[in-house]
Each structure stands twice: as structure tokens, then as C-alpha cells.
Amino acid sequence: MFEARLISSGILKKVLDAIKDLLNEATFDCSDSGIQLQAMDNSHVSLVSLNMRSDGFDKYRCDRNLSMGMNLANMAKILKCANNTDTVTIKAQDNADTVTFMFESQNQEKVSDYEMKLMNLDQEHLGIPETDYACIVRMPSHEFARICRDLTQFGESVVITCTKEGVRFSASGDSGSANIKLAQTSSVDKEEEAVSIEMQEPVTLTFACQYLNSFTKATPLSPQVSLSMSADVPLVVEYQIPDLGHIRYYLAPKIEE
Amino acid sequence: KSTQKNILSYFSKT
């Protein structure tokens with residue numbers, strides 16, 4: 003028996019919004035420690051890794067490890083039927099071929115449940131090596147989203163250059179070029195508005211705008227985002243989900259031939 | 083001209 007309850011469906015909607023741009027379907031691996039998901043996008047350029055800890059749920063029970071393959075468009079249809087303030091409970095029997103989403107209104111006067119067929123998906127787990135990154139940039143998530151959106155207009159790729167002075171995002175194309183430089187903040191009223199840079203050595207890497215923009219669909223999950231970079235390895239874009247876990251996106255760089 | 087790398091060239095299947 004598997005049962006996981008979240009006080010607000012809003013958070014699950016945000017999690018789904020953060021992955022459904024990149025993935026059509028995905029396997030949710032449920033265990034005692036929580037719900038994990040790891041999946042590559044169709045073109046095998048990026049990897050999504052989601053972790054929702056069991057202690058982040060209002061109620062969590064998982065008697066046996068369970069892998070639930072879900073069609074994310076169908077899951078989105080179901081979540082659309084919930085109000086953000088509704089409680090959501092995800093339920094499945096051991097070895098079941100369906101999962102049930104139950105929504106309860108705050109006053110408990112409306113209870114709805116939706117059953118969805120599960121899919122058998124080919125599980126391809128990738129081993130992600132531990133890496134000491136040359137640069138880790140932390141910045142407000144809305145700022146990162148804004149930069150990606152703005153630069154997409156000027157080119158297909160963004161060049162990210164990180165030095166101890168700051169981080170620069172550049173794009174260029176037929177119409178011209180664009181450069182955005184962020185310096186480390188010296189003092190901020192709110193911690194989430196800070197830009198900070200941890201640098202071992204400077205890095206310059208090129209990434210496809212399209213994927214960066216998809217990653218920023220996670221912006222509503224977290225006020226801050228971190229970008230971890232080293233030469234010639236995938237970028238890690240990480241959003242901490244308060245009191246629940248994290249979502250990480252890995253993106254393979256573009257390499258000059 | 084830059085080439086998009088594949089994520090599988092960095093992470094191996096387990």
C-alpha cells in the first residue's frame with residue numbers, strides 16, 4: 003500500500019509544471035524515503051532529477067518500493083481538477099496498474115478522486131558522478147528566468163562566463179548580441195534576493211536556450227536557484243523545494259568543434 | 083560552430 007498526502011495540491015501542480023515541458027512520461031519511484039524521479043528528455047540532452055522526501059508530506063506510507071510510470075499530460079488533466087488549496091492524496095495498491103489522486107476541499111465538503119492508468123516505462127537510471135564544481139552561482143530564481151527569457155530573443159545559445167567578479171550571460175545571432183552581467187550582491191534585505199558566487203576557477207560554457215527556458219518552469223517552486231558549472235561537464239540547475247526536497251536539471255554543454 | 087553534446091556521454095547507465 004502506498005499513500006502520500008500533501009496539504010496543498012498547489013505544490014504538486016508546480017512540480018508537474020516544472021517537468022512536463024521536458025518529459026512526456028516519467029516513472030515516480032516511491033520508497034520509504036520518499037518519491038524520486040529521474041528521466042532524460044527525448045533528445046537525451048538534459049536530465050531531470052526530482053526528490054520529494056517522505057518527511058515533507060503531511061502523511062506518508064510506503065510498505066513496498068513502487069515504480070509508477072505516468073503519462074504527464076494525463077496527470078496534468080487530473081491536477082487541473084484540483085484547487086490549489088485542496089489537500090491531495092496519492093494512493094496505489096501494491097502491484098497495482100492504477101494510481102488514484104484524491105482531492106479534498108479545505109472544509110472537507112467536496113471530495114473527488116481520479117484514477118489513472120499506470121504505464122510500464124523502460125527504466126534507464128543514470129549514475130551521476132560526484133563533482134566538485136569550479137563555480138557555483140546562486141541567484142534569485144525569477145532573475146534567472148528573466149535572463150533566459152530575454153536572451154532567447156537573440157540567439158539559440160547562451161554563453162555563461164563566471165569569474166569571481168561576477169557572472170555574465172551572453173547571446174548573439176543575426177540581429178546582434180546581448181550581454182547581461184550580474185555582480186555578487188554586497189548586502190541585501192532579503193536573503194533570496196542575493197547573488198553569490200563560489201569560485202575555484204573561472205568557467206565559460208555554452209548552453210542551449212531552449213532547455214534553460216524549460217528549467218525555469220520550476221521558478222514558482224523556489225525563490226533561489228543555483229547553477230553549478232565546471233569545464234566540459236553538464237550544468238546543474240537546482241531549485242530547493244522548501245520543506246519537501248529539490249529538483250535538479252542537468253544540461254549537456256555545447257562544445258566548439 | 084558548436085555541437086550539442088548528449089547527456090549520455092557524461093553519465094553512464096546503471
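The listed protein sequences correspond, in order, to chains A and B.
Residue numbering for the first sequence follows the working numbering, beginning at 3 and increasing consecutively.
Residue numbering for the second sequence follows the working numbering, beginning at 83 and increasing consecutively.
Glycine residues also receive a C-beta, built at the ideal position from the N, C-alpha and C atoms.
Shown here, arginine 148 of chain A sits in a helix according to DSSP, grouped into three states.
For serine 159 of chain A, the number of other beta carbons within 10 angstroms of its own is at least 16, and it is reported as buried. Here cysteine 83 of chain A is exposed, its C-beta having fewer than 16 other C-beta atoms within 10 Å.
A residue is called buried when at least 16 other Cβ atoms come within 10 angstroms of its Cβ; alanine 233 of chain A does not meet this threshold and is exposed.
Distances from the alpha-carbon of asparagine 215 of chain A to those of A:Ser114, A:Gly175, A:Asn44, A:Cys150 put A:Cys150 closest. The C-beta of alanine 185 of chain A comes no closer than 7 angstroms to any C-beta of chain B. If you look at phenylalanine 93 of chain B, you'll find it isn't in any alpha helix (DSSP H); DSSP assigns it neither H nor E.
Runs of alpha helix (DSSP H) with 4 or more residues, each lying fully within the stretch 56-129 of chain A, are found at 74-82, listed in chain order.
Nearest Cα to leucine 14 of chain A within the set A:Ile199, A:Leu81, A:Leu253, A:Ser230: A:Leu81.
For cysteine 164 of chain A, the CB contacts under 7 angstroms within the same chain, skipping 5 residues up- and downstream, are Cys137, Val139, Ile199, Met201, Pro204, Val205, Met231 in chain order.
Near chain B, meaning a CB-to-CB distance below 7 angstroms, the residues of the stretch 111-144 of chain A are Glu126, His127, Leu128, Gly129, Ile130. Contact between aspartate 115 of chain A and methionine 104 of chain A holds: their C-beta atoms lie close to 4 angstroms from each other, under 8 angstroms. Taking all protein chains shown into account, aspartate 176 of chain A has fewer than 16 neighbouring C-beta atoms within 10 Å of its C-beta and is therefore exposed. In this structure, leucine 153 of chain A lies away from alanine 196 of chain A, with their beta-carbon atoms at least 7 angstroms apart. Burial state of lysine 256 of chain A is buried, judged by a 10 Å Cβ sphere holding 16 or more other Cβ atoms. Closer than 7 angstroms to the CB of isoleucine 21 of chain A there is not a single CB belonging to chain B.
Taking a Cβ-Cβ threshold of 9 angstroms, the residues of chain B close to glutamate 259 of chain A are Lys83, Ser84, Thr85, in chain order. Non-local C-beta neighbours of aspartate 99 of chain A in its own chain, meaning closer than 8 angstroms and more than five positions away in sequence, comprise Lys119, Leu120, ordered along the chain.
Here the C-alpha atom of methionine 77 of chain A lies approximately 14 angstroms from the C-alpha atom of glycine 12 of chain A.
Considering only beta carbons, no part of the stretch 212-232 of chain A lies closer than 8 angstroms to chain B. Proline 142 of chain A sits buried, since 16 or more C-beta atoms from the chains shown fall within 10 Å of its C-beta.
Residues of the same chain with a CB within less than 6 angstroms of the CB of asparagine 53 of chain A, apart from the 5 flanking positions on each side, are Gln38, Gly247, His248 in chain order.
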